[in-house]
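S.K.: Quick one: this structure, given as structure tokens, is what I'll be asking you about.
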Amino acid sequence: MFQGETAITIDDKGRLAIPTAYRDLVARACGNRLVITYNPYESGCLWLYPESGWEKVRDQVNALPNAKRVHRNLQLKLVGAATLVEPDGSGRLLVPPSHRNAAGIEKKAVLLGMGSKFELWSEQAHLAQIRQTIAEDEISDDMLDLRL
1 MFQGETAITI DDKGRLAIPT AYRDLVARAC GNRLVITYNP YESGCLWLYP ESGWEKVRDQ
61 VNALPNAKRV HRNLQLKLVG AATLVEPDGS GRLLVPPSHR NAAGIEKKAV LLGMGSKFEL
121 WSEQAHLAQI RQTIAEDEIS DDMLDLRL
């Protein structure tokens with residue numbers, strides 16, 4: 001289970017250091033094999049899955065009938081863009097330039113532990129999301145049952 005928010009810096013070679021608090025967990029959960037891909041729902045964000053969790057998502061997405069444009073679009077953004085990444089001896093991951101450019105991730109970014117995966121946000125996109133409040137008319141029935 002990944003959780004928490006960490007401000008990180010992307011170095012000049014496009015690498016991010018996995019926070020030390022997550023390194024052992026990542027090693028145990030997936031043998032240091034992560035898959036990075038686009039977040040198809042929000043711009044400015046990439047998803048990082050442990051390889052085993054990714055395979056389940058990939059298979060579900062690929063099982064969608066590709067006769068529908070929205071299915072092909074989801075397959076393109078998730079499966080077509082998926083790249084296997086492994087940390088080096090210093091715990092750094094290389095974020096592919098195409099992924100960084102598409103998400104607008106430059107020097108400063110935010111890594112969020114989101115349960116079964118990480119989200120890597122550009123600093124600007126993360127701030128924009130955090131500053132948005134949830135309006136009363138956006139609250140779903142499922143949210144009404146939460147005791148926050």
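For what it's worth, the UniProt record's numbering labels the leading residue of the sequence shown as 1, then goes sequentially. From the three backbone atoms N, C-alpha and C, an ideal C-beta is built for every residue, glycine too. Since this is a predicted model, take the numbers as computed values, not measurements.
Taking Thr9 as the reference, give the member of Gln129, Asp142, Ser122 and Pro96 with the closest Cα.
M.R.: The sequence position of residue 9 within the sequence shown is 9, counting from 1. Ranking the options by Cα distance to Thr9, first place goes to Ser122.
S.K.: Using three-state DSSP, classify Gln132 as helix, strand or coil.
M.R.: Within the sequence shown, the letter at position 132 stands for residue 132. Looking at Gln132 - three-state DSSP - the assignment turns out to be coil, as it is neither helix nor strand.
S.K.: Quick check: residue 217 and Leu74, are their CB atoms within less than 8 Å of each other?
M.R.: Since the first and last residues shown for the chain are 1 and 148, residue 217 lies out of range.
S.K.: Ignoring anything shorter than 4 residues or poking outside the UniProt domain "SpoVT-AbrB" (82–125), list the alpha helix (DSSP H) runs there in chain order.
M.R.: As far as the UniProt domain "SpoVT-AbrB" (82–125) is concerned, its whole alpha helix (DSSP H) runs of at least 4 residues are 97–103.
S.K.: Secondary structure at Ala67, three-state DSSP: helix, strand or coil?
M.R.: Start at 1 with the first residue of the sequence shown, and residue 67 comes out as number 67. Coil, per DSSP.
S.K.: Give me the DSSP bridge partner(s) of Trp47.
M.R.: Taking the sequence shown and counting its residues from 1, one reaches residue 47 at position 47. Its beta-bridge partners are Thr37 and Glu119.
S.K.: Between Cys45, Tyr22, Thr37 and Asp137, which lies nearest to Gly31 when the distance is taken from Cα to Cα?
M.R.: As a working note, residue 31 is residue 31 in the sequence shown. Out of Cys45, Tyr22, Thr37 and Asp137, Tyr22 has the C-alpha closest to the C-alpha of Gly31.
S.K.: Which class does Leu16 belong to by DSSP, given the choice of helix, strand or coil?
M.R.: Position 16 of the sequence shown, counting from 1, holds the residue named residue 16. Three-state result, Leu16: strand.
S.K.: With 16 as the cutoff for other CB atoms within 10 Å, does Tyr49 come out buried or exposed?
M.R.: Residue mapping note: residue 49 aligns to position 49 of the sequence shown, counting from 1. Burial call: buried.
S.K.: Any chance the stretch 32–39 sits against the stretch 88–107, with 3 or more Cβ pairs inside 8 Å?
M.R.: Output reads yes: the stretch 88–107 touches the stretch 32–39.
S.K.: Check whether the Cβ atoms of Gly14 and Val95 sit closer than 8 Å, and answer yes or no.
M.R.: On the sequence shown, position 14 is the one that residue 14 refers to. On the sequence shown, position 95 is the one that residue 95 refers to. Yes, the pair counts as a contact, with Cβ atoms nearer than the cut-off.
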